[in-house]
Amino acid sequence: AKGGGRGAFRFFEPELDQLMHVRRNLEKDLRKALARGEFELHYQPFVSVETGRICGYEALLRWHHPERGLVLPGEFIPLAEETGLILPMGEWVLRTACAEAAKWPSDLKIAINLSPAQFRGKELVSSIVGALANSGIASHRLELEVTETVIMHDSGAVFAALGQLRELGVRIALDDFGTGYSSLSFLQKFPFDKVKIDRSFVSELASATEESRRIARAVVRFATSLGKTSTAEGVETAEQLAILREEGCVEAQGYYFSRPLQASRIAPLAQRKAEA
Ligand code: C2E
Ligand code: CA
Ligand code: CA
Ligand code: CA
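Start counting the sequence shown at 553; every next residue gets the next number (UniProt numbering).
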């Protein structure tokens, strides 16, 4: 080998080629996944920190790929967003999750994740109205989780859509809070009902440094002072929960309580809660 740039280039080219090949195949498969019924929703409870009772469940998308097995959203949501497939997929998520929630006791909420692309489509509000009507669930049971990225894009249109949804009684949660760049004054104007403290802060609670605890405290106080609810995501230990309780966090969610579950496994849970 002569070495130098050319050799290095030839070395990387097949890898890049293979990467693009994998991506193209995944995209091809993703296009068929909806029609083939390969998607499934799992549901993870969020509970009241004070009482431990289940307040509702967050729907989390799963893809059962015919050859690759279970594929998690981190692997296919970005591709779905780039290709626009997120629109029909998001519609399916909305319909399926609302229909599932219709089987639960009526005090349980259903939380659904929305991608920025879904706000760019014109039909978001009407498709949500449709999903509520079809399932028959009350609008206040539906919670839409959006990230700060959603609101940074084209905030005029997003504000309008969120405002309309809130007028219908739908609740808005700010997901992954603390990882974005929105200013406090911006958030003050932003129409939302709940803040979800990002897992990255929660997982460091109870570690040697006080940093994460101070952040959690600040987010909870910020939410409380604006009259919003707070939820901590990614709670895995009793110690994290104890700190969150001391800091006044309202709800918690994470493996400590339950992993995301198949619909068939949460129906009995919801039932038991209704009887309690
Ligand atoms: P997210 O909305 O922040 O969801 C929380 C993620 O953390 C989920 O990963 C959940 O399974 C995981 N998780 C929950 N509790 C714990 C815990 O105690 N420890 C750890 N280590 N992880 C925990 P998942 O299901 O892989 O979803 C990843 C992301 O994909 C979600 O992050 C969300 O942004 C996106 N996503 C999932 N479903 C949908 C969907 O239907 N539509 C859209 N647009 N995005 C979705
Ligand atoms: Ca979420
Ligand atoms: Ca989150
Ligand atoms: Ca997250």
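Glycine included, C-beta positions come from ideal geometry on N, C-alpha and C. Computed from a prediction, not measured in an experiment: that's the story for all the values here.
Exercise for the section: Name all residues in chain order for which at least one heavy atom of ligand 2 lies closer than 6 angstroms to the residue's CB. Expected result: Any heavy atom of ligand 2 counts here; residues with a Cβ closer than 6 angstroms to one of them, in chain order, are E610, N665, E697, D727.
Problem - Given R588 as reference, the closest of H594, L631, M641 once Cα atoms are compared - result: It is M641 whose Cα lies nearest to the Cα of R588.
Handout entry: With 16 other Cβ atoms within 10 Å as the buried cut-off, status of V771
Key = V771 is buried by the Cβ-count criterion.
Exercise for the section: State the Cα-Cα distance for the pair H573 and A815, rounded to the nearest angstrom. Expected result: Between the C-alpha atoms of H573 and A815 there is a straight-line separation of about 34 angstroms.
Practice task
Have a look at T776 and E567 and give me their C-alpha separation to the nearest angstrom.
Solution key: One Cα belongs to T776, the other to E567, and the distance between them is close to 51 angstroms.
Problem - Uninterrupted alpha helix (DSSP H) stretches inside the region 645-718 (no shorter than 4 residues) - result: Restricted to the region 645-718, the alpha helix (DSSP H) segments that are unbroken, complete and at least 4 residues in length are 668-672, 676-687, 700-704, listed in chain order.
Problem - Which listed residue (C801, L778, G732) has its alpha carbon closest to that of V702 - result: Its Cα nearest to that of V702, the residue G732 stands out among C801, L778, G732.
Handout entry: Per DSSP, cross-strand counterpart(s) of H617
Key = Per DSSP, G621.
Handout entry: Given I680 as reference, the closest of L739, Y808, V645, S658 once Cα atoms are compared
Key = Among L739, Y808, V645, S658, the Cα nearest to that of I680 is on V645.
Exercise for the section: Leaving out five residues on either side along the sequence, give the residues of the same chain with a beta carbon under 6 angstroms from the beta carbon of G800. Expected result: Result list for G800: V772, in chain order.
Practice task
Give the secondary structure of D728 by DSSP, where H, G and I count as helix, E and B as strand, and everything else as coil.
Solution key: Three-state result, D728: strand.
Handout entry: Length of the line joining the Cα atoms of G779 and E695
Key = Computed Cα separation, rounded: 17 angstroms.
Exercise for the section: Could you tell me how far apart the beta carbons of V754 and V802 are, in whole angstroms, since I believe they sit closer than 8 angstroms? Expected result: With 8 angstroms as the limit, V754 and V802 do not qualify as a contact, their Cβ atoms being about 14 angstroms apart.
Problem - Other residues of its chain near S759: CB distance less than 7 angstroms, five sequence neighbours each side excluded - result: For S759, there are no CB contacts under 7 angstroms within the same chain when 5 residues up- and downstream are skipped.
Problem - Anticipated Cβ contact below 8 angstroms, R723 with K746, distance rounded - result: Contact annotation, R723 with K746: C-beta distance approximately 7 angstroms; criterion of less than 8 angstroms satisfied.
Exercise for the section: Could you tell me if the beta carbon of E643 falls within a distance shorter than 7 angstroms of some heavy atom in ligand 1? Expected result: With a threshold of 7 angstroms, the Cβ atom of E643 does not count as near ligand 1, since no heavy atom of the ligand is closer than that.
Exercise for the section: Take the Cβ of G715 as the centre, count every other Cβ of all protein chains shown within 10 Å, and call the residue buried at 16 or more, exposed below. Expected result: Residue environment for G715: exposed (fewer than 16 other C-beta atoms within 10 angstroms of its C-beta).
Problem - Rounded straight-line distance, which links the Cα of L757 to that of L612 - result: L612 and L757 have their alpha carbons spaced roughly 25 angstroms apart.
Exercise for the section: Quick one: residues in its chain with C-beta nearer than 6 angstroms to the C-beta of L666, no 5 flanking neighbours on either side, listed in chain order? Expected result: Here the set comprises L696, V698.
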